[in-house]
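Participant: First residue of the sequence shown? That's 82 in this note's numbering, and the numbers climb one at a time after it. Here it is, the structure in full.
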Amino acid sequence: MAASKKSHTIGFPIFAVAFAPRKPRLVIGGGGGPTRAGVKNAMIVYDVNEKTLGLSLLAEHQFGKDDDGCMSVAVHPKEKTFVVGVNSPEAIVTAGENQNCRVFQLRNERFIPGRTFKTLDSTDSFHHQKVAKFSADGSLLMTGTTDGKLSVWAWPDMKPAIPAINQGGEISDADFDQSGKKVG
Numbered sequence: 082m083a084a085s086k087k088s089h090t091i092g093f094p095i096f097a098v099a100f101a102p103r104k105p106r107l108v109i110g111g112g113g114g115p116t117r118a119g120v121k122n123a124m125i126v127y128d129v130n131e132k133t134l135g136l137s138l139l140a141e142h143q144f145g146k147d148d149d150g151c152m153s154v155a156v157h158p159k160e161k162t163f164v165v166g167v168n169s170p171e172a173i174v175t176a177g178e179n180q181n182c183r184v185f186q187l188r189n190e191r192f193i194p195g196r197t198f199k200t201l202d203s204t205d206s207f208h209h210q211k212v213a214k215f216s217a218d219g220s221l222l223m224t225g226t227t228d229g230k231l232s233v234w235a236w237p238d239m240k241p242a243i244p245a246i247n248q249g250g251e252i253s254d255a256d257f258d259q260s261g262k263k264v265g
């Protein structure tokens, strides 16, 4: 009989969790933010033993000490691609150049950093990209921010698929329906 639950210590505050679509893998993002407290800002992938619910570290990426914690994570349904929401250092955010949406590939059990994008207009480092979700076919990426901006991007071009919607308040969760044509 498989274990029904099991606790694990990760070593940093967790803000984002996702499962890989084809393998029993758990992706975790979080961290302590741009502090000198020694709490890392990271994204980690674990293989999950489905019988024991044990976790085996597959890959880890630590963000810079001046970067913020990982606040959102999306796993592409067909590629070994991960999209995360991590604010740039505060000076870059306040200058309006926050490259907060970051793309990674998983190759040979290592995260390979890729392109970065600006999905957040705020120059206040308090605001984050709190939502990152792919459509079921992987052709669209949705991002949502704590300053109320909901965006749908054509993947992998990262060009707006529709005009961004300003919800006027924090977006803490959003998803595509199974067809990928509706957002909720």
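Think of the CB as a built atom: it goes at the ideal place given N, C-alpha and C, for glycine as much as any other residue.
What does DSSP give as the partner residues of residue 103 in its beta bridges?
Facilitator: Residue numbering aside, residue 103 sits at position 22 when the sequence shown is read from its first letter. DSSP output for residue 103 lists no bridge partner at all.
Participant: My understanding is that residue 113 touches residue 94, with C-beta atoms under 8 Å, so please give their C-beta distance in whole angstroms.
Facilitator: As a working mapping, residue 113 is identified with position 32 in the sequence shown. As a working mapping, residue 94 is identified with position 13 in the sequence shown. That belief holds up - the Cβ atoms of residue 113 and residue 94 are roughly 7 Å apart, short of 8 Å.
Participant: So, is residue 89 buried or exposed, given that buried needs 16 or more other C-beta atoms within 10 angstroms?
Facilitator: In the sequence shown, residue 89 corresponds to position 8, counting from 1. Under this definition residue 89 is an exposed residue.
Participant: Just tell me which of 246, 221, 252 has its CA closest to the CA of residue 210.
Facilitator: On the sequence shown, position 129 is the one that residue 210 refers to. Among 246, 221, 252, the Cα nearest to that of residue 210 belongs to 252.
Participant: Applying the 10 Å Cβ sphere with the 16-neighbour rule, what's the burial state of residue 265?
Facilitator: In the sequence shown, counting from the first residue as 1, residue 265 sits at position 184. Residue 265 should be labelled exposed.
Participant: Give the secondary structure of residue 171 by DSSP, where H, G and I count as helix, E and B as strand, and everything else as coil.
Facilitator: Along the sequence shown, one-based indexing puts residue 171 at 90. Here residue 171 sits in helix by DSSP.
Participant: Kindly indicate which three-state DSSP category residue 214 falls into: helix, strand or coil?
Facilitator: As a working mapping, residue 214 is identified with position 133 in the sequence shown. In this structure, residue 214 counts as strand in the three-state DSSP scheme.
Participant: Under the rule that 16 or more other beta-carbon atoms within 10 Å means buried, what is residue 150, buried or exposed?
Facilitator: In the sequence shown, residue 150 corresponds to position 69, counting from 1. It is buried - the Cβ of residue 150 has at least 16 other Cβ atoms within 10 Å.
Participant: Please determine, among 242, 120, 228, 224, the residue with the shortest C-alpha to C-alpha distance to residue 156.
Facilitator: Against the sequence shown, residue 156 aligns to sequence position 75. For residue 156, the nearest C-alpha among the options comes from 224.
Participant: Buried or exposed: where does residue 177 fall if 16 or more other Cβ atoms within 10 Å of its Cβ makes it buried?
Facilitator: Numbered from 1 along the sequence shown, position 96 holds the residue referred to as residue 177. Its Cβ having fewer than 16 others within 10 Å, residue 177 is exposed.
Participant: What separation, rounded to the nearest whole angstrom, lies between the Cα atoms of residue 170 and residue 148?
Facilitator: Within the sequence shown, residue 170 is the residue found at index 89, counting from 1. Within the sequence shown, residue 148 is the residue found at index 67, counting from 1. Near 5 Å, if we compare the C-alpha coordinates of residue 148 and residue 170.
Participant: Tell me residue 143's beta-bridge partners as DSSP assigns them.
Facilitator: Walking along the sequence shown from the start, residue 143 turns up at place 62. DSSP output for residue 143 lists 123 as bridge partner(s).
Participant: Restricting to Cα atoms, I'd like to know which of 236, 191, 173, 85 is closest to residue 261.
Facilitator: By 1-based counting over the sequence shown, the position of residue 261 is 180. Out of 236, 191, 173, 85, 236 has the C-alpha closest to the C-alpha of residue 261.
Participant: Using only alpha-carbon positions, find the residue among 212, 87, 179, 219 that is nearest to residue 197.
Facilitator: Locating residue 197 in the sequence shown gives position 116, counting from the first residue. The residue with the shortest Cα to Cα distance from residue 197 is 179.
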